[in-house]
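Here the sequence shown is numbered in the working numbering, starting from 36 and rising by one per residue. Backbone N, C-alpha and C fix where the C-beta goes; we use that ideal spot for every residue, glycine too. So the structure is just underneath, and the comments pick up after that.
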Amino acid sequence: MDLLFILLRLIHIFAGVFWVGAAWIGALFLEPTARALGPDGGKFLSHMATVRRYSIYIMVSAVLTILAGWGLWFMRYGMPSLGTSSGLAFFIGGIAGLIAMGIGAGTGSAATGMTRLGSEIAQQGKPPTPEQQGQMRELQGRMRQFGIWTAVLTSIALFLMAIAPVI
Ligand code: HEM
36 MDLLFILLRL IHIFAGVFWV GAAWIGALFL EPTARALGPD GGKFLSHMAT VRRYSIYIMV
96 SAVLTILAGW GLWFMRYGMP SLGTSSGLAF FIGGIAGLIA MGIGAGTGSA ATGMTRLGSE
156 IAQQGKPPTP EQQGQMRELQ GRMRQFGIWT AVLTSIALFL MAIAPVI
């Protein structure tokens with residue numbers, strides 16, 4: 036029981052730290068860089084997604100954080116704890132984490148769309164058509180919005196996790 040608890044805590048905290056950090060790096064650095072590069076931004080994201088497997092790392096860290104987090108919550112807190120400030124804070128943080136994962140899936144699908152469009156543009160061997168440029172702008176806008184929301188929600192979860200044990 037104790038060993039399982041320690042293991043879940045380690046998985047939860049390592050994966051959670053990676054997830055929040057990656058969400059902010061994506062929102063503050065990677066997405067703006069891809070946007071500034073215009074059509075080449077698609078190639079940049081395509082390399083990051085297909086060669087570096089960025090989306091898979093994010094997805095695995097999000098799933099591990101959520102599964103281990105809810106496992107910990109049911110082991111140590113559970114429904115009766117909703118009447119205590121700590122249990123409730125962990126619960127609300129847990130819900131913020133779940134919503135962040137849902138929105139993160141939207142970021143992933145926008146990134147996949149950009150990757151596909153980027154490779155299409157690269158293969159055609161000529162500058163993107165106005166229609167492709169419009170599609171790229173639309174996908175970049177979606178990715179920016181979703182990326183910021185994921186970063187904000189994972190940070191809300193982190194904030195609540197950090198204060199929950201001491202309130
Ligand atoms: C971005 C998402 C998340 C991050 C960054 C995160 C981070 C953390 C951190 C740093 C701690 C250690 C706090 C401490 O012991 O002082 C913690 C503990 C905990 N987290 Fe999360 N967490 C996240 C999502 C979740 C979710 C979705 C749940 C589900 C309810 C959850 C449940 C818990 C529980 C129950 C603990 C306390 C474990 C214990 O009593 O030792 N977390 N979390």
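Residue nearest to Ile41 within the set Ala103, Ile91, Val55 and Gly51 is Ala103 (criterion: CA-CA distance).
Counting only runs that start and end inside the region 125-175, there is no alpha helix (DSSP H) element of at least 4 residues.
DSSP places Arg87 in no alpha helix (DSSP H); its state is neither H nor E. The beta carbon of Met196 sits closer than 6 angstroms to those of Gly128, all from its chain and outside the five residues before and after it, given in chain order. Not one heavy atom of the ligand HEM lies closer than 7 angstroms to the C-beta of Val187. By the C-beta density criterion, Leu43 is buried, having at least 16 other C-beta atoms within 10 angstroms.
Closest in C-alpha terms to Leu174, from the list Phe109, Gly76 and Thr85, comes Gly76. In the DSSP annotation of this structure, Trp108 is not part of any alpha helix (DSSP H), being labelled neither H nor E. Ser116 places its beta carbon 8 angstroms or farther from that of Ile202. Here the alpha carbons of Ser96 and Arg70 stand approximately 25 angstroms from one another. Between the region 105-112 and the region 147-162 there are fewer than three C-beta pairs closer than 8 angstroms, too few to call the two in contact. Of the other Cβ atoms in all chains shown, 16 or more fall within 10 Å of the Cβ of Val55; this residue is therefore buried.
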